[in-house]
Amino acid sequence: MSRVITFFEAKDWEKEEYLRRLKERLGERFQDFEVKFVPYTLNKETSREHSDTEIAVIYLNSVVNEEVLDQMKNLKFVITRTTGMDHIDILACKRRWIEVSNVPVYASVTVAEHAIALMFALARRVRTAVAKMKDFDFSREGLMGVDLFGKVAGVIGTGNIGSHICRIAFGIGMEVIAYDLNPNKKLEELYKVKYVSLDQLLGSSDVVFVAVPLTKETKHLINLENIKLVKDKAMLINIARGPVVDTSALLWALANGKLKGGVALDVFEGEKVLTEGSFLKEVCPPEILTKALQTLYLFRYPNFILTPHVAYYSEEAMERLINSVVAEISHYLLYKLSSKTYGEYF
Numbered sequence: 517m518s519r520v521i522t523f524f525e526a527k528d529w530e531k532e533e534y535l536r537r538l539k540e541r542l543g544e545r546f547q548d549f550e551v552k553f554v555p556y557t558l559n560k561e562t563s564r565e566h567s568d569t570e571i572a573v574i575y576l577n578s579v580v581n582e583e584v585l586d587q588m589k590n591l592k593f594v595i596t597r598t599t600g601m602d603h604i605d606i607l608a609c610k611r612r613w614i615e616v617s618n619v620p621v622y623a624s625v626t627v628a629e630h631a632i633a634l635m636f637a638l639a640r641r642v643r644t645a646v647a648k649m650k651d652f653d654f655s656r657e658g659l660m661g662v663d664l665f666g667k668v669a670g671v672i673g674t675g676n677i678g679s680h681i682c683r684i685a686f687g688i689g690m691e692v693i694a695y696d697l698n699p700n701k702k703l704e705e706l707y708k709v710k711y712v713s714l715d716q717l718l719g720s721s722d723v724v725f726v727a728v729p730l731t732k733e734t735k736h737l738i739n740l741e742n743i744k745l746v747k748d749k750a751m752l753i754n755i756a757r758g759p760v761v762d763t764s765a766l767l768w769a770l771a772n773g774k775l776k777g778g779v780a781l782d783v784f785e786g787e788k789v790l791t792e793g794s795f796l797k798e799v800c801p802p803e804i805l806t807k808a809l810q811t812l813y814l815f816r817y818p819n820f821i822l823t824p825h826v827a828y829y830s831e832e833a834m835e836r837l838i839n840s841v842v843a844e845i846s847h848y849l850l851y852k853l854s855s856k857t858y859g860e861y862f
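Mapping of the sequence shown onto my numbering: position 175 corresponds to residue 691, and the numbering continues sequentially without gaps.
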């Protein structure tokens, strides 16, 4: 009987690439496996159809929790094709001796570059400029930008992604301050990063970058209380996870003369509601739907930019991602263990 590897949320182009590289990596062992590719997420409902899966390769909108694991008795290894792991109940997996892995560094530079791109887009009012040009409006009204040289970049979280944000911001002449429970001395030496408290960072930064993983401790790290500390003309950019920033706080800030420099999000609260269309289903919790609608309401402000969770999405990053996933599968088959530790993300 073949051992089953199932890729969830798989795109057509991924199937060809993964099959080719798995064959190359596994050699003769490949014939022992049945590799399935399905376009939908892994969740409570779909898990029943995949009880024979030994290796589940999931993506952003899939969920691995007690209910899913109860249906997948043959599951031995979960790989998420993401950096963040907040959609996996790691403790539940450990209790069942199920190995878990992610891809922690494949897109660190890529995401950091996207964050910097969003900063430039806010600074030069790109959203407004594009909208005006669509109307063949060549007036400069609403297009006055700001220089970034000499401004203060505040980076919340200096892991893999945050470190690259520090590097690039320093390279364009910005002063860099940061908040992290584990300060990185190399960043202090190389880029003159100064570590401060979260409140100090919010009150001193011209541009606030959010680059921490989503945990119980970081949910609503930016909230209705501390958002009041930000400069009136500051920018805020979130490329981490939506719930790290309370959407209600963003609404309050923009409505009360804060963050006039703009808000740019690649992630947002209630993201799955809109991307999966679950707002059409009865299972959608009202509070999640509310957060999603609040995010859409932000579009009434011209200095708001939203990108569809694509900060990681570059040709080079996808190449690294595929290679990493295939390497993880191979490592598991050799050693029955993941090569990663659960803390190796962001």
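Even for Gly, the Cβ is constructed at its ideal location relative to N, Cα and C.
Q. Cβ atoms of GLU570 and ILE521: under 8 angstroms apart, would you say?
A. For the purposes of this step, residue 521 is identified with residue 5 of the sequence shown, where counting begins at 1. For the purposes of this step, residue 570 is identified with residue 54 of the sequence shown, where counting begins at 1. Yes, the pair counts as a contact, with Cβ atoms nearer than the cut-off.
Q. Going along the chain, which residues of its own chain have a beta-carbon closer than 7 angstroms to the beta-carbon of TYR817, five neighbours each way excluded?
A. Within the sequence shown, numbered from 1, the residue matching residue 817 stands at position 301. For TYR817, where only same-chain residues beyond five positions count, the Cβ hits under 7 angstroms are LEU770.
**Q.** Paired residues, beta bridge with ALA669 - DSSP
**A.** Taking the first residue of the sequence shown as position 1, residue 669 is located at position 153. Paired residue(s): VAL692 and VAL723.
(Q) Is it buried or exposed, ASN772, if we count other Cβ atoms within 10 angstroms and call 16 or more buried? (A) Residue mapping note: residue 772 aligns to position 256 of the sequence shown, counting from 1. ASN772 should be labelled exposed.
Q. Based on the DSSP output, what are the partners of GLU550 in its beta bridges?
A. Taking the first residue of the sequence shown as 1, we reach residue 550 at position 34. DSSP output for GLU550 lists VAL520 as bridge partner(s).
Q.
Taking the beta strand (DSSP E) that GLU561 belongs to, which residues open and close that run?
A. Position 45 of the sequence shown holds residue 561. No beta strand (DSSP E) contains GLU561, which DSSP labels as neither H nor E.
Q.
So the candidates are TYR695, VAL621 and VAL671; which of them puts its Cα closest to the Cα of ILE684?
A. On the sequence shown, position 168 is the one that residue 684 refers to. Cα-wise, what sits closest to ILE684 is VAL671.
**Q.** Span separating the alpha-carbon of VAL841 from that of ASP748
**A.** In the sequence shown, the residue the question calls residue 841 occupies position 325. In the sequence shown, the residue the question calls residue 748 occupies position 232. Each residue's Cα considered, the two are about 44 angstroms apart.
Q.
Quick check on GLY773: does DSSP put it in helix, strand or coil?
A. The residue labelled residue 773 in the question sits at position 257 within the sequence shown. Residue state, collapsed to three classes: coil.
Q | Counted within 10 angstroms of its Cβ, other Cβ atoms place ASP782 as buried (16 or more) or exposed | A | Counting from 1 along the sequence shown, the entry for residue 782 is found at position 266. By the 10 Å Cβ count, ASP782 comes out buried.
Q) When you compare each of GLY661, VAL642, ALA827 and VAL724 to CYS682 by their alpha carbons, which one comes out closest? A) Looking up residue 682 in the sequence shown gives position 166. Of the listed residues, the one whose Cα sits closest to CYS682 is VAL724.
Q) Taking Cβ positions, are GLN810 and THR763 nearer each other than 8 angstroms? A) Locating residue 810 in the sequence shown gives position 294, counting from the first residue. Locating residue 763 in the sequence shown gives position 247, counting from the first residue. Yes; because the gap between Cβ atoms is below 8 angstroms, this pair is in contact.
Q.
Rounding to the nearest angstrom, what Cα-Cα distance links GLY859 and ILE606 in this structure?
A. Position 343 of the sequence shown, counted from the first residue, corresponds to residue 859. Position 90 of the sequence shown, counted from the first residue, corresponds to residue 606. With a pLDDT of only 47 at GLY859, under 50, the local geometry of the prediction cannot be trusted, and the value read off the model is given with reservation. Taking the straight line joining both Cα atoms gives about 11 angstroms.
Q. Taking three-plus beta-carbon pairs below 8 angstroms as touching, is the stretch 660–667 in contact with the stretch 704–718?
A. no
Q) Out of GLY778, ARG757 and GLY777, which has the shortest C-alpha to C-alpha gap to LYS788? A) As a working note, residue 788 is residue 272 in the sequence shown. Taking only the C-alpha atoms, the option nearest LYS788 is ARG757.
Q.
Am I right that LEU634 and ILE821 are in contact with their C-beta atoms under 8 angstroms? What's the rounded C-beta distance?
A. One-based indexing of the sequence shown puts residue 634 at position 118. One-based indexing of the sequence shown puts residue 821 at position 305. Right, their Cβ atoms sit about 6 angstroms apart.
Q: Measure the CB-CB distance between THR626 and ALA780 and report whether it falls below 8 angstroms.
A: Reading the sequence shown from its first residue, position 110 is the one you call residue 626. Reading the sequence shown from its first residue, position 264 is the one you call residue 780. Going by C-beta atoms, THR626 is not nearer than 8 angstroms to ALA780.
Q.
Quick check on the burial criterion: 16 or more other C-beta atoms within 10 angstroms. Buried or exposed for PHE523?
A. Position 7 of the sequence shown, counting from 1, holds the residue named residue 523. Buried: at least 16 other Cβ atoms inside 10 Å.
**Q.** Opening and closing residue of the beta strand (DSSP E) in which SER617 lies
**A.** Here residue 617 refers to the residue found at position 101 when the sequence shown is read from its first residue. Start and end: 615–617.
Q) Which value, in whole angstroms, describes the spacing of the CA atoms of PHE864 and VAL619? A) In the structure displayed, the chain extends from 517 to 862; residue 864 sits before or after that span and is not available.
(Q) Let me check one thing: in DSSP terms, what residues is VAL761 bridge-paired to? (A) Stepping through the sequence shown from its first residue, residue 761 is reached at position 245. Answer is ILE738, bridged to VAL761.
Q. Beta-carbon separation of LEU535 and VAL551 under 8 angstroms?
A. Taking the first residue of the sequence shown as position 1, residue 535 is located at position 19. Taking the first residue of the sequence shown as position 1, residue 551 is located at position 35. Result yes, Cβ atoms of LEU535 and VAL551 sit closer than 8 angstroms.
Q: Could you give the DSSP three-state label for MET751: helix, strand or coil?
A: One-based indexing of the sequence shown puts residue 751 at position 235. In this structure, MET751 counts as strand in the three-state DSSP scheme.
Q | Test item: CB-CB of ARG597 and TYR575 under 8 angstroms | A | Taking the sequence shown and counting its residues from 1, the one referred to as residue 597 is at position 81. Taking the sequence shown and counting its residues from 1, the one referred to as residue 575 is at position 59. In contact: ARG597 and TYR575 (Cβ atoms closer than 8 angstroms).
Q: Could you check which residue in GLY678, TYR829, ASN739 and ALA647 has the C-alpha nearest to that of LEU718?
A: Walking along the sequence shown from the start, residue 718 turns up at place 202. Checked all of GLY678, TYR829, ASN739 and ALA647; the closest Cα to LEU718 is ASN739.
Q. Looking at the unbroken alpha helix (DSSP H) that takes in LEU849, where does it start and where does it end?
A. For the purposes of this step, residue 849 is identified with residue 333 of the sequence shown, where counting begins at 1. LEU849 -> alpha helix (DSSP H) spans 831–851.
Q.
With distance defined between alpha-carbon atoms, name the residue in ILE677, SER854, MET588 and ARG641 nearest to TYR622.
A. Counted from its first residue, the sequence shown places residue 622 at position 106. Among ILE677, SER854, MET588 and ARG641, the Cα nearest to that of TYR622 is on ILE677.
Q) I think ILE838 touches GLU533, with their Cβ atoms under 8 angstroms apart; what is that distance to the nearest whole Å? A) Mapped onto the sequence shown, residue 838 falls at position 322. Mapped onto the sequence shown, residue 533 falls at position 17. The pair is a contact, with the Cβ atoms about 5 angstroms apart (cut-off 8 angstroms).
Q) Of all the options GLU785, LYS592 and PHE815, which has the alpha carbon lying nearest to the alpha carbon of PRO802? A) The sequence position of residue 802 within the sequence shown is 286, counting from 1. Of the listed residues, the one whose Cα sits closest to PRO802 is GLU785.
Q) Under the three-state reduction of DSSP, which class applies to LYS610: helix, strand or coil? A) The residue you call residue 610 lines up with position 94 of the sequence shown. Helix at LYS610.
Q: Figure out for me which residue from THR644, LYS852, PHE546 and ILE693 has the closest Cα to the Cα of ALA714.
A: Position 198 of the sequence shown, counted from the first residue, corresponds to residue 714. Per the sequence shown, the amino acid found at residue 714 is Leu instead of Ala. When only C-alpha atoms are compared, the closest one is ILE693.
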